[in-house]
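*Asks:* Numbering (the UniProt record's numbering), first residue to last: 1 to 110.
We treat Cβ as the ideally placed atom computed from N, Cα and C, and that holds for glycine.
Below is one structure. I have some questions about it.
Printed below as a string of structure tokens:
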């Protein structure tokens, strides 16, 4: 359990959303950065646009931001609500990427 948010995620959320988002404390006492889901949705859309036009540099930049969000999404139960297989199903490349990143995180943590 960490006592504060990932500083990279705080900066990413603030940059993407155009405002500084507060931290909240979860029942286990850990602090998490708000705005992560909103930032994730914006970045998935941007990733999909970059994928559609083959902008690999932009895709790589966005991958770093998406990956930074995955541990927090795991902590708040996002992948219990929507299983990784659901993220990966379909043709939304950004969403598929997040599902695969979560699977890699779980495999790495095991």
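Pick from 40, 31, 59 and 27: whose alpha carbon is nearest that of residue 17?
*Replies:* 40
*Asks:* To the nearest angstrom, how far is the alpha carbon of residue 85 from that of residue 99?
*Replies:* 7 Å
*Asks:* Going along the chain, which residues of its own chain have a beta-carbon closer than 7 Å to the beta-carbon of residue 38, five neighbours each way excluded?
*Replies:* 17
*Asks:* Any chance you could list the beta strand (DSSP E) runs of at least 3 consecutive residues sitting entirely within the UniProt domain "DUF7709" (8-105), in chain order?
*Replies:* For the UniProt domain "DUF7709" (8-105), whole beta strand (DSSP E) runs of length 3 or above, ordered along the chain, are 23-25 and 31-33.
*Asks:* Using alpha carbons as the reference points, say which of 42, 59 and 28 lies closest to residue 50.
*Replies:* 59
*Asks:* Does the beta carbon of residue 91 fall short of 6 Å from some heavy atom of the ligand NAD?
*Replies:* For the ligand NAD, the structure offers nothing, since it holds no ligand at all.
*Asks:* What's the gap between the Cα of residue 19 and the Cα of residue 28?
*Replies:* 27 Å
*Asks:* Smallest Cα separation from residue 32: which of 77, 97, 87 and 62?
*Replies:* 77
*Asks:* Taking its Cβ as the centre, do 16 or more other Cβ atoms sit within 10 Å of residue 52, making it buried, or is it exposed?
*Replies:* exposed
*Asks:* When we look at the beta-carbon of residue 90 and count the other beta-carbons within 10 Å, is it buried (16 or more) or exposed?
*Replies:* exposed
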